Each structure stands twice: as C-alpha cells, then as structure tokens.
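Q:
2 protein chains.
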Amino acid sequence: MEIVSFLAFLCILIMGFQEPVHGRLLSVSKPNPGNAAATARWLVAENSWGVLNTISSELNGAPFGNVVSFSDGLPNEGKGIPYFYLTALDPTAKDAMKDERASLTLSEYPLGTCGKIDPENPTCAKLTLTGKLKIVENKSEEAQFAQKALFTKHPEMKEWPKSHKFQFFKLEIENLFLIDWFGGPKPLTPEEYLHPKMNNLHWMQ
Amino acid sequence: MEIVSFLAFLCILIMGFQEPVHGRLLSVSKPNPGNAAATARWLVAENSWGVLNTISSELNGAPFGNVVSFSDGLPNEGKGIPYFYLTALDPTAKDAMKDERASLTLSEYPLGTCGKIDPENPTCAKLTLTGKLKIVENKSEEAQFAQKALFTKHPEMKEWPKSHKFQFFKLEIENLFLIDWFGGPKPLTPEEYLHPKMNNLHWMQ
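Sequence order for the protein chains is A and B.
Heads up: the first sequence is residues 1 to 205, going by full-length UniProt numbering.
Heads up: the second sequence is residues 1 to 205, going by full-length UniProt numbering.
1. Name the DSSP beta bridge partners of Q167/B, please?
2. Would you identify the three-state DSSP class for K132/A, choosing helix, strand or coil?
3. Taking the CB atoms as reference points, tell me whether G50/B and L104/A lie closer together than 9 Å.
4. Compute the Euclidean distance between the alpha carbons of L178/B and N60/B, then round it to the nearest angstrom.
5. Using Cβ-Cβ distances below 7 Å, what residues of the segment 120–154 of chain B are close to chain A?
6. Under 9 Å between C-beta atoms, does M157/A make it to chain B?
7. Following the continuous beta strand (DSSP E) through P63/A, name the residue where it begins and the one where it ends.
8. Alpha carbon to alpha carbon, how far is M198/A from P187/B? Give it in angstroms, no decimals.
9. Starting from the C-beta of E174/A, find all residues in its chain whose C-beta is less than 8 Å away, skip the five residues before and the five after it, and write them out in chain order.
10. So for F177/A, helix, strand or coil by DSSP?
11. Pop quiz: C114/B and E108/B are said to be a contact at Cβ under 8 Å. What is the actual Cβ separation, rounded to whole angstroms?
12. Alpha carbon to alpha carbon, how far is C124/A from V21/B? Give it in angstroms, no decimals.
13. Applying a beta-carbon distance threshold of less than 7 Å, which residues of chain B neighbour S103/A?
14. Apart from the five residues just before and just after K94/B, which ones in its own chain have a Cβ nearer than 6 Å to its Cβ?
15. Just to confirm the assignment: which complete alpha helix (DSSP H) runs, minimum length 4, are found wholly within the segment 92–153 of chain B?
16. Could you work out which residue in E100/B, K134/B and K79/B is closest to residue 210/B when comparing CA atoms only?
17. Would a C-beta distance cut-off of 9 Å place A102/B and N138/B closer than the cut-off?
18. For V68/B, go through chain A and note every residue whose CB falls closer than 7 Å to its CB, in chain order.
19. Shortest alpha-carbon distance to K126/B belongs to which of F166/B, G184/B and L150/B?
20. Compute the Euclidean distance between the alpha carbons of H202/B and K30/B, then round it to the nearest angstrom.
21. In terms of residue numbering, what span does the alpha helix (DSSP H) encompassing W42/A cover?
22. Any beta carbon from chain A within less than 9 Å of I173/B's own beta carbon?
23. When you compare only the Cα positions, how much space is there between E141/A and W181/B?
24. Does W49/A get closer than 9 Å to chain B when you measure Cβ to Cβ?
25. Consult DSSP for L194/A and reduce its assignment to one of helix, strand or coil.
26. How is L201/B classed by DSSP in three states: helix, strand or coil?
Encoded structure:
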C-alpha cells in the first residue's frame, strides 16, 4: 500500500502544478459577469501582459498594437491604472510622444478560465481601455508606485539595459469596452472602474 | 498491484491532458529565431486569437484593439493571411468599413513556449501585421477558403447567430513588425512572409 499512497501523492502533486496561468496561479477567481467593474478590474489585476495600441507615426497613422507587460499595482493591491516600462527605441513609446491616444486590450483567454469556449465567445471576457498614454514624471511618488508595481510582477525589468532609457508610462483611462456576456458591451464608466471600493477584489466576488 | 497500475494510468492520463495551449497542442515547434519569416508564420499558424486594431469611429479616431479569433488556413496548411468572422454590431468591423487601416498583434506568450521569461522579453516572440482590413467577397472562392479555415479552428462559429450578419474579413498585409530576439525588429517583407515555400512550416525548422 505504500506504493499506492506514493502514487496518489504523485497525482496530487502533478495536478497541483497545473497552473492556469503560465508562471503564476490566479489569486482571485472570476467575478460574477453581472459585476462589470469587478470583472474589468479582475482582468487588469490577473493579466501580466496585453496589447498596447497607438497611432503609428512610422506607418502613416495606422493603428499599431504592441505586446507589452504591465502592472496596476502589487499583487492583490492593484488600483486599476495600468503602468508600463517602455523605451523610445520601441515604436509604442515613440508614437505616444507624438500622439497620446492609445488603448490597452486584454483577454480572459490566456488566464485559462475560459475552458473550451472560443476566445471570441462573449462569455470569455475581453476588455479595451482607451485613453491617453502618458509619461509618469521621473522620481515622482507615482513613479515610485509604478516601479514597485512593475518590478514586483516583472522582476526581469530591473535588469533591462540602462542604455535603452526605459521610462514609466501610464494609461489615463477615458473609456472602457468590456464584453463578458451575451448582449453587447457592458456600460462601465472610468469612475465606476476606478472606484476605491474596487481595490479589494476579494470583497467583490 | 491492480490499484497501482490504475493509479499509474491515471497519472499518465492527467499528464497527457497538460496541453501547452488551451484547447490544442502545438503542431509545429518554434522555428529558429534567425528565420524571421518562419517565426512569423509559426506565430500566425499556432495562435487562434489575437488583438485586431482599428481607427475608432466612435472614439474620435483613437486606436482601438479588440480580441478576435482568426485563422490563416486549416491546421498545418496555413497560408499566412489572417481571416476573421466579424459582425458590424462590433466596433472593429464597423471601423474597418469606414477606414480600412488595421493591425493584428500576436504574442508567443500564450502558446506556453516562452517559459519563465517575461512576456516583454525580446526572445518571447511578438508580431504585428499592419495593413488593410477588407471584407472577403461573399460566396467567392476566397470566402469558401476563409469559412473552412475559420470553422475548422473555431467550430463554435458555425452556430453564431445568423441575425448578427457575420462576414468574412481578411487582413491584407503591408508591413510586418517581428521581435523574436535581441537587437530590434527583424527585417521582413510581406513577400518573404507570404512566400509559398513558407506554406510547409515543418520544412523550415
């Protein structure tokens, strides 16, 4: 029976390592789709990367999406505003310095909680935050917040080459487009989304 | 010993279901980063969804990214051109009908092959295809190709509500932005990317 117990333990061990996200477990389960603000905040809190879109200065004003890492705060302490660590060697930061209009797009799909449904199925939540991509003032209190938020979720960033002159950016949110169920996008204002009561997602389940 | 065999079988079963992509296994392993065209084609072949960016007519010309499913062909028979199944009830198709400029952004990260590196690490490949988002002519040969390509990879699409008037769209690629290693974007033309020799990724490894 010892072998049986060992194999049972092995099974539990293997199953325990089946993480829904590459690299980390989801810390909060998906909110009720009826709660639009909580669902949007959850997508921002649990995703570590997204597609940041700008108006391309190199490609005659085409909309240009770029894969970026972001963070809205320490794990489970996010405030909803996405911060980025970008270099003007990359088109996204360069574009934003000429035209601040931008959007950040996130999907529930890579979190592993959509199951077998299609990534475009409306019950697999998706979010687009539209607004202005702005540089965070160097050495400000907000820059300290951004640094801690980003370097905690993305420890590699600490080592990124100084010569590339990475800077902290944030998306000032003006509009939210959230689909998390049938029936079209959910009405959701930046005020509802950024409301301090949303800072504890555990209470919002 | 029967219980032991059963548990061993169970373990194998559990491990067998640990797929690197949600829903399907990668059919081709990652090409050498030195081969830009093969890497770009691999990202398009293996990803089932991405972020499709348009110039928003509702949000005063802001760049608007939307999570969409796509397909460039049957599994292992992709041709590199991404096809979509969109409804004008959604902002993306509506935008494209007013301004065709668009980009599709993909990341290697959700494929599960980036390991422990950050999603923004340049060795975790990312691709932005920029061009024109066009309606595929109804009942044309290309529409048949698009339908087969999409409905095979996204079987759910067959059941999407007729009343939403979904149509096939494609991205006519004019520019490629690929990062798959240190040293900035890889030079890659649409001709190199769409070259017929790229239609068999197994040969390009």
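The beta-carbon is built from N, C-alpha and C at its ideal position, and this holds for glycine as well.
Small disclaimer: the values here were computed from a predicted structure and weren't measured.
A: Taking the structure as given:
1. On the second sequence, position 167 is the one that residue 167/B refers to. Partner(s): L86/B.
2. Taking the first sequence and counting its residues from 1, one reaches residue 132/A at position 132. Strand at K132/A.
3. Translated into the one-based positions of the second sequence, residue 50/B becomes position 50. Translated into the one-based positions of the first sequence, residue 104/A becomes position 104. No, these two residues do not count as a Cβ contact at 9 Å.
4. To locate residue 178/B, count along the second sequence from 1; it is residue 178. To locate residue 60/B, count along the second sequence from 1; it is residue 60. C-alpha separation (whole angstroms): 29 Å.
5. Here the close residues are E120, N121, K126, T128, T130 and H154.
6. Taking the first sequence and counting its residues from 1, one reaches residue 157/A at position 157. Cβ-Cβ to chain B under 9 Å: yes for M157/A.
7. Taking the first residue of the first sequence as 1, we reach residue 63/A at position 63. P63 to S69 is the extent of the beta strand (DSSP E) around P63/A.
8. Indexing the second sequence from 1 puts residue 187/B at position 187. Indexing the first sequence from 1 puts residue 198/A at position 198. For the pair P187/B and M198/A, the Cα-to-Cα distance works out to about 44 Å.
9. To locate residue 174/A, count along the first sequence from 1; it is residue 174. Same-chain partners within the cutoff: T130, G131, K132 and P190.
10. Locating residue 177/A in the first sequence gives position 177, counting from the first residue. Here F177/A sits in strand by DSSP.
11. On the second sequence, residue 114/B is found 114 positions in, with the first residue counted as 1. On the second sequence, residue 108/B is found 108 positions in, with the first residue counted as 1. Rounded, the Cβ-Cβ distance is 6 Å, consistent with contact.
12. Position 21 of the second sequence, counted from the start, is the residue given in the question as residue 21/B. Position 124 of the first sequence, counted from the start, is the residue given in the question as residue 124/A. Because V21/B carries a pLDDT of 45, less than 50, the predicted location of this residue cannot be relied on, and no value is offered for it.
13. Here residue 103/A is taken as the residue at index 103 of the first sequence, counted from 1. Residues of chain B with a Cβ closer than 7 Å to the Cβ of S103/A are, in chain order, A62, P63, F64 and G65.
14. The residue labelled residue 94/B in the question sits at position 94 within the second sequence. Apart from sequence neighbours up to five positions away, the residues of its chain that approach K94/B with a beta-carbon distance below 6 Å are A88, ordered along the chain.
15. Listed in chain order, they are 141–153.
16. With chain B covering only 1 through 205, there is no way to say anything about residue 210/B.
17. Stepping through the second sequence from its first residue, residue 102/B is reached at position 102. Stepping through the second sequence from its first residue, residue 138/B is reached at position 138. Annotated as distal: A102/B and N138/B, with beta-carbon spacing of 9 Å or more.
18. The count along the second sequence starts at 1 and reaches residue 68/B at position 68. Result: E120.
19. As a first step, residue 126/B is located in the second sequence; it is residue number 126 there, counting from the start. Of the candidates F166/B, G184/B and L150/B, the one whose C-alpha sits nearest the C-alpha of K126/B is G184/B.
20. Locating residue 202/B in the second sequence gives position 202, where the first residue counts as 1. Locating residue 30/B in the second sequence gives position 30, where the first residue counts as 1. Those two C-alpha atoms are separated by around 10 Å.
21. For the purposes of this step, residue 42/A is taken as the residue at position 42 of the first sequence. It spans A36 to E46 - the alpha helix (DSSP H) in which W42/A sits, taken as one unbroken run.
22. Along the second sequence, one-based indexing puts residue 173/B at 173. Judged by the 9 Å Cβ criterion, I173/B is not in contact with chain A.
23. Within the first sequence, residue 141/A is the residue found at index 141, counting from 1. Within the second sequence, residue 181/B is the residue found at index 181, counting from 1. Spanning the two alpha carbons is a distance of roughly 34 Å.
24. Position 49 of the first sequence holds residue 49/A. Closer than 9 Å to some Cβ of chain B, the Cβ of W49/A qualifies, so yes.
25. Along the first sequence, one-based indexing puts residue 194/A at 194. Here L194/A sits in helix by DSSP.
26. Position 201 of the second sequence, counted from the start, is the residue given in the question as residue 201/B. Look at L201/B here: in three-state DSSP terms it is helix.
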